[in-house]
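Okay, so the first sequence: first residue is 25 according to my numbering, each after it adds one.
What follows is a short report on a single structure.
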Amino acid sequence: MNFKIEKKLANSLGRVGMLETPHGVIETPAFVAVGTKATVKSLNPEQVREAGVQVVLGNTYHLYLQPGDEIVRDAGGIGKFMNWSGPTMTDSGGFQVFSLGVAYGKDISKITKITDPSLLIPERFDDSDAPRLAKIGQDGVSFKSHLDGAIHYITPEKSIEIQHNLGADIIFAFDECTSPAEDLKYQEEALERTHAWAERSLKEHLKLKQEKFAHSHVLGSPREYARPDRSPEQISPALFGIVQGGREESLRKKSAKIISEINIDGKYFDGFGIGGSFAKEDMSSAVRWVNEILPEEKPRHLLGIGEPEDLFMGIENGVDLFDCVLPTRLGRNGTIYTKSGKISITNTKFRNDFTPIEKDCGCYTCGGNRKSPPDKGDLGGFYSRAYIAHLFHGKEMLAGTLASIHNLYFITNLVKKIRQSILDDNFYEFKEQFLREYLS
RNA sequence: GCGUCGGUGGUGGAGUGGUCUAUCACAACAGACUGUAAAUCUGUCGCCUUCGGGCUACGUAGGUUCGAAUCCUACCCGACGCA
């Protein structure tokens, strides 16, 4: 993996870059499509590509449970397994420590409405009996499979081993995503754990890298690795360390410093993830604190974010990569992005609206991005709001597909436009103009 | 014509004397969703409301009863059977 900064956004941390991976170049900033179970839900890889997606993110925990990381390895890695030829990443399972742990069954997620006072009460010590599928143990996390109830103990070493089997281009250290509702004492404790896990992740990663290289000439090893002309650097995934620290400035800064300095015999993380569950109003400062400290020459990924306004915020504050389930999840659930805000396509007013979601949108659903010339007849070449509303009301599979295509295109295209605006020196104008209409 | 069974809110369908504006499902309407426990979940769903409550409802009309969607009578409608 190689990262090159092409241009910086004046008076800020923002930058435009190119991230080279064994499966192609990612132009950054970039939006990564989430494909948890080695599929971007409801879309085939061609549709994902046509929506403008450059890179897909799978999930360690989910693929480990099903179909099993060894199957994916034997298939030739996650990209080959899912028939996606571009760059891939895998998340470490650290988010599941949170989502299946303290957040399980609760109304907290990546973004927590901190205005809800009940969520601010530290609950750690009086709700340990609350049902949860992930429990933090001595040196790892015990997961109770949501599929069959079986217990699986995941350590940093295990997560890295799984990720090496999954074979993505970029992988993440095993971390603990914490809730902003946790008190300082717990945040410190969790952060220390995340740092220890980061070091163990890096150590295991380097070990597996060496082993893989040593075996690369052995008969029967995966083709990808049996290339005598390639070094361990080229045949192994890049590993990103993850910064945590909750809402606390001192902890965020401390984490950025420690994670960027962790090394095993002079080998450091290749890039960084910025993790945690945020109160929306805390996010920009947290990102800034961290990116002021992280080494400039390495890529940064703001994990699990976000909404259009978050993308502007992140990019301005030095984020290179984003991933988020929203475009596809909202799409499947009937919420669609437009330049003037999100719409709920199932609303009554759209039942007889025969216009496209957005007239000048370049996505397949709206009639842009056509491989073949537009139809000469009176079809119009697009799917109308009324039709998509009909598909949702009829619970037709195509509904989620068409909406996901549009949403993914909307978000990836937005990031591309932001990227271009930095190259064109009009980032702030573009941001102001876009957000004024979007948030109106 | 006789007989049997049945008529419940937008739909299907529970309920067979009080705890019934009436279980439940569907439809409808609105909302939520940020490293995917998610093609999911939540709320509303007779009318009015100053959100405390008020009013009207179980084919129609009577009746029994302190009290009826529930029991009785007549009528109307439907399905089936026999003529």
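The beta carbon of each residue, even a glycine, is placed where N, CA and C say it ideally should be.
To the nearest angstrom, how far is it from the Cα of residue i to the Cα of residue j?
i      : j      : result
Thr352 : Val77  : 12 Å
Leu43  : Asp193 : 11 Å
Pro155 : Gly125 : 8 Å
Tyr411 : Ala57  : 26 Å
Leu422 : Trp108 : 21 Å
Ile286 : Asp207 : 26 Å
Phe166 : Ile435 : A small fix is needed here, since residue 166 is Ser in this sequence, not Phe. If you take the alpha carbons of Ser166 and Ile435, they lie about 35 Å apart.
Cys390 : Thr359 : 15 Å
Glu185 : Ile369 : 43 Å
Phe122 : Ile160 : 10 Å
Gly386 : Tyr433 : 8 Å
Ser308 : Tyr292 : 26 Å
Ser260 : Pro180 : 17 Å
Asn68  : Tyr462 : 29 Å
Lys227 : Ala197 : 10 Å
Lys419 : Gly355 : 13 Å
Lys31  : Ala127 : 39 Å
Arg375 : Ile367 : 13 Å
For residue i, report the span of its alpha helix (DSSP H) as first-last.
i      : result
Thr436 : 421-447
Asp334 : 332-340
Thr352 : 350-356
Gly103 : 102-106
Arg460 : 451-462
Met307 : 304-315
Ser274 : 273-285
Glu185 : 180-190
Glu70  : 69-74
Can you tell me whether residue i is buried or exposed? The criterion is at least 16 other CB atoms within 10 Å of its CB, across all chains shown.
i      : result
Arg276 : buried
Lys182 : buried
Gln90  : exposed
Ser364 : exposed
Leu171 : exposed
His438 : In the sequence as displayed, the identity of residue 438 is Leu instead of His. Burial call: buried.
Glu305 : exposed
Phe54  : Contrary to the premise, residue 54 reads as Ala rather than Phe in this sequence. The residue in question, Ala54, is buried, as its Cβ has 16 or more Cβ neighbours within 10 Å.
Gln71  : buried
Asn371 : exposed
Asn315 : buried
His417 : exposed
Lys322 : buried
Thinking residue i and residue j are a contact (beta carbons under 8 Å), I'd like their distance in whole angstroms, please.
i      : j      : result
Gly8   : Met106 : Only positions 25 to 464 of the chain appear in the structure, and residue 8 is not among them; the question remains open.
Arg39  : Gly342 : 7 Å
Ser445 : Phe454 : 4 Å
Asp344 : Arg324 : 5 Å
Gly110 : Val64  : About 12 Å separates the two Cβ atoms, so there is no contact after all.
Asp115 : Asn83  : 5 Å
Between the Cα of residue i and the Cα atoms of the options, which residue gives the shortest distance?
i      : options                        : result
Phe336 : Leu33, Lys61, Lys28            : Leu33
Asn357 : Ala427, Ser133, Ala192, Tyr85  : Ala427
Ser279 : Pro261, Ala310, Ile288, Pro111 : Ala310
Ala158 : Lys134, Ile186, Gly118         : Gly118
Lys61  : Phe451, Phe416, Glu461, Thr112 : Thr112
Ser169 : Tyr88, Lys373, Thr114          : Tyr88
Met25  : Glu273, Phe264, Asn450         : Phe264
Phe346 : Pro380, Gly297, Thr389, Leu318 : Gly297
Lys104 : His47, Glu321, Arg324          : His47
Cys201 : Phe302, Ile178, Pro261, Asn83  : Phe302
Pro332 : Gly173, Pro319, His229, Thr362 : Thr362
Ser66  : Ser133, Gly424, Asn450         : Gly424
Arg73  : Arg460, His430, Gly300         : His430
Ile283 : Gln268, Glu273, Glu272         : Gln268
Ser133 : Phe451, Glu320, Ile329         : Ile329
Ile175 : Tyr407, Tyr85, Ala75           : Tyr85
Over the uninterrupted beta strand (DSSP E) stretch that includes residue i, give me the two end residues.
i      : result
Leu81  : 80-83
Val126 : That residue, Val126, is in no beta strand (DSSP E); it is neither H nor E in DSSP.
Leu157 : Here Leu157 belongs to no beta strand (DSSP E), and DSSP marks it neither H nor E.
Asp115 : 112-115
May I ask you to check if the CB of residue i is nearer than 7 Å to at least one heavy atom of the ligand ATP?
i      : result
Gly129 : You won't find the ligand ATP in this model; it holds no ligand whatsoever.
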